[in-house]
Amino acid sequence: MKPPHYTPRPDPNHAPLPNPFNAVSPVIVVVALAILGVELLLDAGAFGLAGGRMGVGWRIAAVEDWGFAPGVLDRLVQARDVSPDILMRFVTYAFVHGSFTHMLFGAALLLALGKFVGEVLHPLALAGLLLASTVLGALAFGALAPGNPPLIGIYPAVYGLIGGFTYLTWLRLGQMGQNQLAAFRLIGVLLAIQLVFGLVLGSDPSWIAEVAGFASGLALCPFLIPGGWTATLRRLRRR
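This is the structure we're talking about:
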């Protein structure tokens, strides 16, 4: 018989498992689930599990209907075509990938970097950083990529998070009195890997969008962190 006011102690051997998504911003979770859902649908069509004979061509159709290319920017600027089919491609290309592995690597980076940056940025600010990196990455790709190659994948947005991560690391190293140039180590390693793959497998112009995404995140993060806009204006006035 239990004594009055008895309160059972939790058993550590049967404690509930922590939810791995609790520490990740809901913005990042929603984006990760969206690109996963699109990829699973395209894979289901490719393997004949959905869409019948038409499903085999879903990925090609998605690239054509949702992907971005320099020709899209040409239509926007030269023909002044501001139809939804043109404008949406500046964002929708990020949700289409070339394969499951292509998507999986991007989603892993998105979750890892999004967790770190999302611990500092408000969800709306984080969403703004992702959107700006995606759009500005497409603009740079459309303006600088040779020919008319397609641009797909979440990577410009991921590089935007890398830009935010770099700035936050730069701040932290400064507060600790350490060399702030070390904050650029991650982007340096990634660009070196891009260079090696480009030399071995041939150049892929998607690096243009990724570098633009990084620059966007690096430039916007000082304004998006809590109190960042006021602090940045104060520094500019001092100069």
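Sequential numbering of the sequence shown, starting at 1, is according to UniProt numbering. By construction, the Cβ of each residue, glycine as well, lies at the ideal position given by its N, Cα and C atoms. Small disclaimer: the values here were computed from a predicted structure and weren't measured.
Buried or exposed, going by whether 16 or more other CB atoms sit within 10 Å of the CB of L49?
exposed
Expressed to the nearest angstrom, what Euclidean distance is found between the alpha-carbon atoms of P136 and G52?
The residue asked about is misnamed: residue 136 is Leu in this sequence, not Pro. Whole-angstrom Cα-Cα distance: 37 Å.
Cross-strand partners of L151 (DSSP beta bridge):
F68
Buried or exposed for F141, going by 16 or more other Cβ atoms inside 10 Å?
buried
Excluding the five sequence neighbours on either side, which residues of its own chain have a C-beta within less than 7 Å of the C-beta of I152, listed in chain order?
V63, G67, Y93, V96, H97, G98
Excluding the 5 residues preceding and the 5 following M1 in the sequence, name in chain order all residues of the same chain whose CB lies nearer than 6 Å to its CB.
With a pLDDT of only 49 at M1, under the threshold of 50, the placement of this residue in the model should not be trusted; the figure read from the coordinates follows. Nothing listed; no residue qualifies.
With S216 and S133 assumed to form a contact (beta carbons below 8 Å), what rounded beta-carbon distance in angstroms separates them?
4 Å
With distances taken between CB atoms, is the gap from G114 to L168 smaller than 7 Å?
no
First and last residue of the alpha helix (DSSP H) that includes R89?
89 to 92
Among L173, A192, F165, R185, nearest to residue 240 - alpha-carbon criterion
The chain is shown from 1 up to 239; residue 240 falls before or after that span and cannot be answered.
Own chain residues within Cβ distance below 7 Å of F184, not counting five before or after
T166
Can you name, in chain order, every residue of its own chain whose Cβ lies under 7 Å from the Cβ of A127, other than the five neighbours on each side?
V27
The segment 36 to 46 contacting the segment 100 to 118, beta-carbon criterion three pairs below 8 Å
yes
Out of V56, R172, Q78, L181, point me to the one whose CA is closest to V117's CA.
R172
Alpha-carbon to alpha-carbon, V91 and F223:
22 Å
Using CA atoms only, rank isn't needed, just tell me which of D43, C221, G163 is closest to I187.
G163
Beta-carbon proximity of residue 247 to W58, cut-off 7 Å
Limits of the chain in this structure are 1 at one end and 239 at the other, which puts residue 247 out of reach.
DSSP three-state call for M103: helix, strand or coil?
helix
Using DSSP with H/G/I as helix, E/B as strand and the rest coil, what is P226?
coil
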